[in-house]
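*Asks:* First the structure, which I've put down as structure tokens, then a few questions once you've had a look.
What follows is the structure, given as structure tokens:
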């Protein structure tokens, strides 16, 4: 039987199982060794996933790869109202509690779901990245996908598509893009380009990275949409994309979203262009609005309001927006109730569903909240019990 047939068989068998995710983390066994370690139960997923806010937001969500995660200390909330229910009640099939550490006690940083029940991420030993790992939610097993040889390089969060994991890294004055099959192997460098020196005299990583049509596609800090074959080949600038920034393949936008300047862009990504067809889409402000903080392929956002890119379907948010759109439709909200309590919540603009994440301190002496990590397709944070809650935004958006 072929490898693909093996995966399809295993995938159907896994779906037929009655194992339920009860949210209780188990002790993770050591990774499997030998050829069997590279055999996975899921079929390759061809849909590309960009990051944050690797935001990242790292917002690689995040929305933009390499940017810092948003602080849980949100700005002043909107008028008091009813707090949303816990996020696990709103999206029970998308919220998972997993171990924070993997084999050997290494820290596991989840980056991207490569199947409904498998999340891939980076392993850190002694605060240094040493490999790419995947965690199976049903089997509760970690498996090593690849080792990272140069632990001095701080690699950015992973993106997934076309059966590959890819990531970017800054080495000295160069930005590098690496890729490895999700089934395991030796990472290959597929592109190296000049890094951009920022205003604080540091080299900046990529603004966005995604995988599509067998290519890694990305935008550097100074704009343009570039691509290179995952299996190796020349880097090329896609015609007509100078000054544009990758938003969601195949859409690129202008002007860039830049929160590092004194006067942020009032209408970021006002102009979108499909880099494959040339089709354009210009954003329109909703009624009683003249600007926005973020605009994606479908939705725009400003403070306590969201609307469709064409200016229609304006809707009030059940709280005050914190940061920018995640995966094009989700946003963090600060909510407060009549008693003065405040929480950070996750809101889906498209469906109007909102789930509470955790409390936000309002008085001196209040317990500090966890650090929230937002990346394209994933939101996660560590718990006081030493586990971590991972939210699969693709599953939540179904």
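In the working numbering, the protein residues as written are 714 to 1111.
Where a beta carbon is used, it is the ideal one built from N, C-alpha and C, also for glycine.
Keep in mind it's a predicted model, so treat the numbers as computed, not measured.
Does the beta-carbon of residue 976 have 16 or more other beta-carbons within 10 angstroms, so that it is buried, or is it exposed?
*Replies:* Position 263 of the chain shown, counted from the first residue, corresponds to residue 976. The residue is exposed, with fewer than 16 neighbouring Cβ atoms inside 10 Å.
*Asks:* Can you give me the C-alpha to C-alpha distance between residue 758 and residue 1006, rounded to a whole angstrom?
*Replies:* Position 45 of the chain shown, counted from the start, is the residue given in the question as residue 758. Position 293 of the chain shown, counted from the start, is the residue given in the question as residue 1006. The predicted position of residue 758 is uncertain, since its pLDDT is 30 and thus under 50; a value taken from the coordinates is nonetheless stated next. Cα to Cα, residue 758 sits roughly 32 Å from residue 1006.
*Asks:* Once DSSP output is grouped into helix, strand and coil, what is the label at residue 1030?
*Replies:* Residue numbering aside, residue 1030 sits at position 317 when the chain shown is read from its first letter. Residue state, collapsed to three classes: coil.
*Asks:* Buried or exposed for residue 883, please, with buried defined as at least 16 other CB atoms from any protein chain shown within 10 angstroms of its CB.
*Replies:* As a first step, residue 883 is located in the chain shown; it is residue number 170 there, counting from the start. Buried.
*Asks:* So for residue 920, helix, strand or coil by DSSP?
*Replies:* Within the chain shown, residue 920 is the residue found at index 207, counting from 1. Here residue 920 sits in coil by DSSP.
*Asks:* Taking the C-alpha atoms as reference points, what is the distance between residue 871 and residue 795?
*Replies:* Sequence index remark: in the chain shown, residue 871 carries index 158 (1-based). Sequence index remark: in the chain shown, residue 795 carries index 82 (1-based). When rounded, the distance between both Cα atoms is 36 Å.
*Asks:* My output table needs one value for residue 816: the three-state DSSP class, helix, strand or coil.
*Replies:* Here residue 816 refers to the residue found at position 103 of the chain shown. Helix at residue 816.
*Asks:* Go ahead and label residue 1080 buried or exposed: buried means 16 or more other beta carbons lie within 10 angstroms of its beta carbon, across all protein chains shown.
*Replies:* Position 367 of the chain shown, counted from the start, is the residue given in the question as residue 1080. Result: exposed.
*Asks:* If residue 841 sits next to residue 868, beta carbons under 8 Å apart, how far is it from one beta carbon to the other, in whole angstroms?
*Replies:* Locating residue 841 in the chain shown gives position 128, where the first residue counts as 1. Locating residue 868 in the chain shown gives position 155, where the first residue counts as 1. Actually they do not touch by this definition, with Cβ atoms about 11 Å apart.
*Asks:* Helix, strand or coil: which one does DSSP assign to residue 1107?
*Replies:* Here residue 1107 refers to the residue found at position 394 of the chain shown. Here residue 1107 sits in helix by DSSP.
*Asks:* For residue 1062, which residues in the same chain have their Cβ closer than 6 Å to its Cβ, ignoring the five residues on either side in sequence?
*Replies:* By one-based count along the chain shown, residue 1062 stands at place 349. 1012, 1019, 1042, listed in sequence order.
*Asks:* So is residue 875 buried or exposed if we call it buried at 16+ other beta carbons inside 10 Å?
*Replies:* Start at 1 with the first residue of the chain shown, and residue 875 comes out as number 162. Under this definition residue 875 is a buried residue.
*Asks:* Take the Cβ of residue 1073 as the centre, count every other Cβ of all protein chains shown within 10 Å, and call the residue buried at 16 or more, exposed below.
*Replies:* Here residue 1073 refers to the residue found at position 360 when the chain shown is read from its first residue. That one is buried.
*Asks:* Is there contact here, the region 938 to 953 with the region 1030 to 1041, by at least three beta-carbon pairs under 8 Å?
*Replies:* No, they do not touch.
*Asks:* Which same chain residues end up closer than 7 Å to residue 734 when comparing Cβ atoms and leaving out the 5 residues on each side of it in sequence?
*Replies:* Reading the chain shown from its first residue, position 21 is the one you call residue 734. Unreliable placement is indicated for residue 734, whose pLDDT of 40 sits below 50; the coordinate value is still reported in the next sentence. Excluding positions up to five away in sequence, the list reads 809, 850.
*Asks:* Could you check the C-alpha separation between residue 944 and residue 798 for me, to the nearest Å?
*Replies:* For this step, residue 944 is matched to residue 231 along the chain shown. For this step, residue 798 is matched to residue 85 along the chain shown. In a straight line, the C-alpha of residue 944 is about 45 Å away from that of residue 798.
*Asks:* Determine, using beta carbons only, whether residue 969 and residue 936 come nearer to each other than 8 Å.
*Replies:* As a first step, residue 969 is located in the chain shown; it is residue number 256 there, counting from the start. As a first step, residue 936 is located in the chain shown; it is residue number 223 there, counting from the start. In this structure, residue 936 lies closer than 8 Å to residue 969 by Cβ.
*Asks:* Looking at C-alpha atoms only, which residue of 984, 1071, 963 is the closest neighbour of residue 956?
*Replies:* Mapped onto the chain shown, residue 956 falls at position 243. Of 984, 1071, 963, the residue nearest in Cα terms is 984.
*Asks:* So for residue 978, helix, strand or coil by DSSP?
*Replies:* Taking the chain shown and counting its residues from 1, the one referred to as residue 978 is at position 265. Of the three classes helix, strand and coil, the one that applies to residue 978 here is coil, per DSSP.
*Asks:* Using only CA atoms, which one of 818, 1023, 1060 lies nearest to residue 1034?
*Replies:* Position 321 of the chain shown, counted from the first residue, corresponds to residue 1034. Comparing Cα positions, the closest option is 1060.
*Asks:* Three-state secondary structure (DSSP) at residue 803?
*Replies:* For this step, residue 803 is matched to residue 90 along the chain shown. It is helical.
*Asks:* Determine the DSSP secondary structure at residue 957, reduced to helix, strand or coil.
*Replies:* Residue mapping note: residue 957 aligns to position 244 of the chain shown, counting from 1. Note: residue 957 maps to coil in three-state DSSP.
*Asks:* Return helix, strand or coil for residue 1041, following the three-state DSSP convention.
*Replies:* On the chain shown, position 328 is the one that residue 1041 refers to. Residue 1041 falls in the coil class under three-state DSSP.
*Asks:* Return yes when the Cβ of residue 1104 is within less than 8 Å of the Cβ of residue 899, no when it is not.
*Replies:* Residue 899 sits at position 186 when you count from the first residue of the chain shown. Residue 1104 sits at position 391 when you count from the first residue of the chain shown. Cβ distance not < 8 Å, so residue 899 and residue 1104 don't count as in contact.
*Asks:* Below 8 Å on the Cβ atoms is my guess for residue 926 versus residue 907; work out the distance and round it to an integer in Å.
*Replies:* Along the chain shown, read from residue 1 onward, the residue named residue 926 stands at position 213. Along the chain shown, read from residue 1 onward, the residue named residue 907 stands at position 194. Between residue 907 and residue 926 the Cβ distance is about 25 Å, and since that is not below 8 Å, they are no contact.
*Asks:* Using a Cβ-Cβ cut-off of 7 Å (strictly less than) and excluding sequence neighbours within five positions of residue 1109, which residues of its own chain qualify?
*Replies:* In the chain shown, the residue the question calls residue 1109 occupies position 396. Only 804, 807, 1061 meet the Cβ criterion.
*Asks:* What residues are listed by DSSP as bridge partners for residue 810?
*Replies:* Indexing the chain shown from 1 puts residue 810 at position 97. For residue 810, which the question treats as bridged, DSSP gives the partners 1102.
*Asks:* By a C-beta neighbour count over all protein chains shown, 10 Å radius and 16 as the cutoff for buried, is residue 915 buried or exposed?
*Replies:* Taking the chain shown and counting its residues from 1, the one referred to as residue 915 is at position 202. It counts as exposed.
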